[in-house]
Amino acid sequence: MESNTTALPHAEGAAADEAAAAPARRRAAGAGPFPARGPAGGELLDDVEETAPSAVGELVARARVAQGAWAEVPVRERAEVIAKVKKRLLARAEEIAALLHLECGKPIEEAALAEVLPNADLIDYWTLSVEELLDASPVDLDPLAYPGKVGRIQRAPRGVVALITPWNYPVAIPLRTIVPALLAGNTVVFKPSEVTPRAGALVASLFEGLLPDGVLAVAQGGSDVGAALIEAGVDLVVFTGSVATGKKIAVACAERLVPTSLELGGKDSAIVLGDCDLERAARGVVWGAFTNAGQNCASIERVYVERAIADRFIERVVALTGQLRAGVDVGVMTTARQAHIVRRQLATAVEGGAEILAGGAPEQGSLAFPPTVVRVEREDTPLLREETFGPILPVLVVNDAEEAVARTNASRFALTTSLWTRGRERAHALARRLRSGVVTINNHGFTGALPAAPWTGTGDSGSGVTSSPHALAELTRPRFILEDRSRAKSELWWYPYTPALRTIAFAMARVRGGAGWFGRVSALAELAAAFAKRLLGR
Ligand code: NAD
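The sequence shown begins at 410 in my numbering and counts up one residue at a time.
#1: Output the boundary residues of the alpha helix (DSSP H) element that contains tyrosine 534.
#2: Output the residue ranges of the alpha helix (DSSP H) runs that lie fully inside the stretch 817-864 and measure 4 residues or longer, sorted by chain position.
#3: What do you get for lysine 496, buried or exposed, if any count of 16 or more other CB atoms within 10 angstroms of its CB means buried?
#4: Out of Ser775, Pro606, Gly871, which has the shortest C-alpha to C-alpha gap to glycine 450?
#5: Would you call the stretch 669-680 in contact with the stretch 885-901, where contact means no fewer than 3 C-beta pairs closer than 8 Å?
#6: For glutamate 603, name the three-state secondary structure that DSSP assigns.
#7: With H, G and I counted as helix, E and B as strand and the rest as coil, what does DSSP make of proline 791?
#8: Which of the three DSSP states, helix, strand or coil, is assigned to valine 646?
#9: According to DSSP, simplified to helix, strand and coil, what is lysine 676?
#10: Within 6 Å: the Cβ of lysine 515 and any heavy atom of the ligand NAD?
#11: Quick one, are the C-beta atoms of threonine 460 and isoleucine 491 less than 7 Å apart?
#12: Would you kindly check if the distance between the Cβ of aspartate 869 and the Cβ of phenylalanine 822 is under 7 Å?
#13: What does the alpha-carbon distance come out to for the pair arginine 585 and leucine 802?
#14: For valine 759, which of Glu786, Val741, His749, Thr744 has the nearest alpha-carbon?
#15: Hey, which unbroken runs of the alpha helix (DSSP H) at 4 residues or more fall wholly within the stretch 870-908?
#16: Under 7 Å between the Cβ atoms of aspartate 738 and alanine 707?
#17: Do the stretch 736-753 and the stretch 793-807 meet, that is, are 3 or more Cβ pairs less than 8 Å apart?
#18: Hey, which unbroken runs of the beta strand (DSSP E) at 3 residues or more fall wholly within the stretch 738-778?
#19: When burial is assigned at 16 or more other CB atoms within 10 Å of the CB, is asparagine 808 buried or exposed?
#20: Cβ atoms of glutamate 524 and threonine 605: under 7 Å apart, would you say?
#21: Going by Cα to Cα distance, which pick from Val580, Val548, Glu486 is closest to leucine 509?
#22: Suppose contacts are defined by Cβ-Cβ distances below 7 Å. Is alanine 862 in contact with serine 877 by that definition?
#23: Taking 6 Å as the line, does the beta carbon of glycine 631 fall inside it for any heavy atom of the ligand NAD?
#24: I need the straight-line Cα distance from leucine 884 to alanine 924, nearest angstrom please.
#25: Check alanine 431 in the structure and name its three-state DSSP category.
#26: So what's alanine 626 in DSSP terms, helix, strand or just coil?
#27: Give the range of the alpha helix (DSSP H) segment to which lysine 657 is assigned.
#28: Any idea if histidine 837 is buried or exposed, counting beta-carbon neighbours within 10 angstroms, 16 or more meaning buried?
#29: Closer than 6 Å: is that where the CB of isoleucine 573 sits relative to any heavy atom of the ligand NAD?
#30: Suppose the cutoff is 6 Å on Cβ atoms and the five residues either side in sequence are ignored; what does the same chain contact list for phenylalanine 699 look like?
#31: Looking at alanine 914: is its Cβ nearer than 7 Å to the Cβ of leucine 936?
#32: Following the continuous alpha helix (DSSP H) through glutamate 786, name the residue where it begins and the one where it ends.
#33: Does the ligand NAD have even one heavy atom less than 6 Å from the beta-carbon of serine 899?
#34: Enumerate in chain order the residues of its own chain whose CB-to-CB distance from leucine 468 is below 7 Å, with the five nearest sequence positions on each side excluded.
#35: Quick one: is phenylalanine 927 buried, meaning 16 or more other Cβ sit within 10 Å of its Cβ, or exposed?
#36: Compute the Euclidean distance between the alpha carbons of tyrosine 906 and proline 547, then round it to the nearest angstrom.
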């Protein structure tokens, strides 16, 4: 295995620094999938050891060996072990935020609020509820039809879970699966994004020394390492990332009949109605669009505002956007590749008649993309059709809520939608008609931080579920256990098949609704006679 790091395209001026860097870092820079510097430039980041794709099979094999014993550990003990991670996480809050600032360009406050504190809630939620959630549930069985039989549904672990994650929330997203997956008795092989390998290593370090060997492993690298992980014979792939990669993973998993959970892109809309609290709506929309520099699957990437308040709302949004401080409220974008996509989408929209009201593209090559508000009339532009994943807020004026709902639902993405209105009943009625997996009324996007709330979508947003008992249903499979306490030597439906059994079968069909009341009464008489014969073996 070799350690490799590579410089981001914008950091070309780094050659001189590199000459002065430690020999190991110099040797590593320029090869492999890992950026050598964070998006804001600055010092070389720590080296990361890349996992050779050929070594991934061994990680999965070790995870498989470890899984049997881990699943045998009583769930309460597993919960006691995982609960210790919370203290470590909170004690390292500043270190985690600092690393995310360096590796992703996030403002420190945003890193702490989005990627540290909610994870403490996450660990509390799962460690306190998992025992009850995994508890086998009894199944009602008709004692006349199934005498002496008792059924229970257990939740069995899937086995070895492959977890492949993106770079935009590189601590929170992995933990949202690692914690419940391990608690459910799975082992996990985790492949962090190649853009944020140090955050990935940090996540794993939170569990260091707590788990038996092989229960949680990290495979560091790019797409080849992710592909090798799927080929290595895992039992479930949990993927969060782009639609394009999600489709590749779905195909690779389908060929191996491996179940998948896919959390993909978004094109979230905010629907701002004439009766909203305008100040709250404007502030909420600005945060929902620009938090994490818009690199959020649930970023507001379309606003549909009712004509009656459009001018006032847009004016306020533009004013609030103008107050955002570069590097304080809004960080730099994380990758040059994504900044290029955002720049291209914005340019195409402007060529098509869109009007920039605040911000605008920075100089070529800069990752400091200003928060940008753009008024758009036409939807047939990539800025409205494709995921943007950057700090652009397109605003469209609509006639009414009907038009806003129709336009929202017309997208191939359907992750989250927010409705801004004082009309609660109306909001709930509109919410029922939205395709997205999460609808927030007078708020946006933050529910990913709620461990008890399902985070899910449909269409090109994927259909995986993170958080809540619904996520646990993906991380486990039902196992039905039936115990027969009957002392009878035989069952009605066992051999031999006799004329009496045939009579019973058809008479029962009549008794259970296949005939009118007269037919049922005569069927009951037939049944009594046939049962008597059956008891005699005829
Ligand atoms: P990406 O698809 O480029 O990469 C995601 C991960 O997949 C990385 O670890 C990458 O190395 C790996 N990968 C790439 N090709 C692979 C292959 N062929 N086989 C296996 N693994 C492979 O996504 P990204 O750019 O890191 O993340 C941004 C995307 O993630 C956006 O589209 C965003 O909307 C989405 N996202 C979705 C959610 C959600 O909850 N729905 C949350 C966060 C991010």
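Beta carbons: idealized from backbone N, C-alpha and C, even for Gly.
Answer, in terms of the structure:
#1: That run of the alpha helix (DSSP H) goes 526-543.
#2: 833-841, all fully within the stretch 817-864.
#3: Exposed.
#4: Nearest C-alpha to glycine 450: Ser775.
#5: The way I'd put it, the stretch 669-680 doesn't touch the stretch 885-901; fewer than three beta-carbon pairs between them come closer than 8 Å.
#6: Coil.
#7: Correct three-state label for proline 791: helix.
#8: In the structure shown, valine 646 falls within a strand segment according to DSSP collapsed to helix, strand and coil.
#9: Judged by DSSP in its simplified three-state form, lysine 676 adopts coil rather than helix or strand.
#10: Every heavy atom of the ligand NAD is 6 Å or more from the Cβ of lysine 515, so no.
#11: No. Outside cutoff.
#12: Cβ distance < 7 Å, so phenylalanine 822 and aspartate 869 count as in contact.
#13: About 28 Å.
#14: Residue nearest to valine 759 within the set Glu786, Val741, His749, Thr744 is Glu786 (criterion: CA-CA distance).
#15: At a cut-off of 4 residues, the continuous stretches assigned as alpha helix (DSSP H) that sit fully inside the stretch 870-908 are 877-884.
#16: Contact flag unset, no.
#17: The stretch 736-753 is in contact with the stretch 793-807.
#18: Counting only runs of 3 or more, we get 764-767.
#19: That one is exposed.
#20: No, these two residues do not count as a Cβ contact at 7 Å.
#21: Minimum Cα distance to leucine 509 is reached at Val580.
#22: Using a Cβ distance threshold of 7 Å, alanine 862 and serine 877 count as a contacting pair.
#23: It does: the Cβ of glycine 631 is within 6 Å (strictly closer) of some heavy atom of the ligand NAD.
#24: Their backbone Cα atoms lie some 45 Å apart in a straight line.
#25: Unreliable placement is indicated for alanine 431, whose pLDDT of 40 sits below 50; the coordinate value is still reported in the next sentence. In this structure, alanine 431 counts as coil in the three-state DSSP scheme.
#26: Correct three-state label for alanine 626: strand.
#27: Taken as a continuous stretch (DSSP letters only), the alpha helix (DSSP H) holding lysine 657 covers 652-665.
#28: Exposed, since its Cβ has fewer than 16 Cβ neighbours within 10 Å.
#29: Using a cutoff of 6 Å, the CB of isoleucine 573 counts as near the ligand NAD, since one of the ligand's heavy atoms is closer than that.
#30: The residues are Val739, Pro780, Pro800.
#31: Here alanine 914 is not near leucine 936, since their CB atoms are 7 Å or more apart.
#32: No alpha helix (DSSP H) contains glutamate 786, which DSSP labels as neither H nor E.
#33: Not under cutoff, so the answer is no.
#34: If we look at leucine 468 and ignore the five residues flanking it on each side, its Cβ neighbours are Val598, Ala626, Ala628.
#35: Using a 10 angstroms sphere on the CB of phenylalanine 927, the tally of other CB atoms stays under 16, which defines it as exposed.
#36: Each residue's alpha carbon lies about 32 Å from the other.
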